[in-house]
Each structure stands twice: as C-alpha cells, then as structure tokens.
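>
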Amino acid sequence: MAKVSISLDAELVVEVMVLAGIGSPQDAVEAVVRDYIARGHRTEARVQSRDDSRHEPDAGQYQPPQG
Numbered sequence: 031m032a033k034v035s036i037s038l039d040a041e042l043v044v045e046v047m048v049l050a051g052i053g054s055p056q057d058a059v060e061a062v063v064r065d066y067i068a069r070g071h072r073t074e075a076r077v078q079s080r081d082d083s084r085h086e087p088d089a090g091q092y093q094p095p096q097g
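Each residue of the sequence shown is one higher than the last, beginning at 31 in the working numbering.
1. Look at Ala75 and Ala61 and say whether their C-beta atoms are less than 8 Å apart.
2. Near Leu38, which residues of its chain fall below 8 Å by C-beta distance, leaving aside the five closest residues on each side in sequence?
3. Measuring straight from C-alpha to C-alpha, what distance separates Val34 and Thr73?
4. CA-CA distance, Ile52 and Arg69?
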C-alpha cells in the first residue's frame with residue numbers, strides 16, 4: 031500500500047493518542063482514520079437497506095382477500 035506523509039498539529043495528535051489509548055502517533059491517527067472510514071461504510075449500508083425496504087411491499091400491510 032502506498033504511504034502518505036502529512037503534518038498535523040502536535041496537540042491534535044496527542045489528543046487522538048489519549049482518546050484512542052494508543053502510544054504511537056502514527057498508529058493512533060491511522061486508527062482514527064480507519065474508524066472514520068468504517069463508520070462511513072456502515073452508514074452507507076444502513077441508508078441503502080432503508081432505501082431498499084421502501085421499494086419492497088410491506089408483508090405486514092393489509093391486503094384485501096382475493097377471489
């Protein structure tokens with residue numbers, strides 16, 4: 031995987047390290063980024079399942095007898 035180097039404010043990185051409970055600045059920031067991405071994927075999946083359920087007829091909905 032390709033690597034990217036960025037500069038961040040030291041106070042921001044220390045805060046991330048404390049909140050994540052991770053001693054390495056690199057690992058702490060990486061954990062936060064991975065969590066952010068995973069959260070985005072979970073949100074997309076929830077929205078998609080909600081949209082899909084709108085297109086399916088509701089099985090619990092009353093349907094008049096036929097015949």
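Even glycine gets a Cβ: it sits at the ideal position worked out from N, Cα and C.
Note that the coordinates shown come from a computational prediction; the quantities given were computed from them, not determined experimentally.
Reading off the structure:
1. Within the sequence shown, the letter at position 45 stands for residue 75. Within the sequence shown, the letter at position 31 stands for residue 61. Cβ distance not < 8 Å, so Ala75 and Ala61 don't count as in contact.
2. On the sequence shown, residue 38 is found 8 positions in, with the first residue counted as 1. So the qualifying residues of the chain are Val59.
3. Within the sequence shown, residue 34 is the residue found at index 4, counting from 1. Within the sequence shown, residue 73 is the residue found at index 43, counting from 1. C-alpha separation (whole angstroms): 26 Å.
4. The residue you call residue 52 lines up with position 22 of the sequence shown. The residue you call residue 69 lines up with position 39 of the sequence shown. Rounded to the nearest angstrom, the two C-alpha atoms are 20 Å apart.
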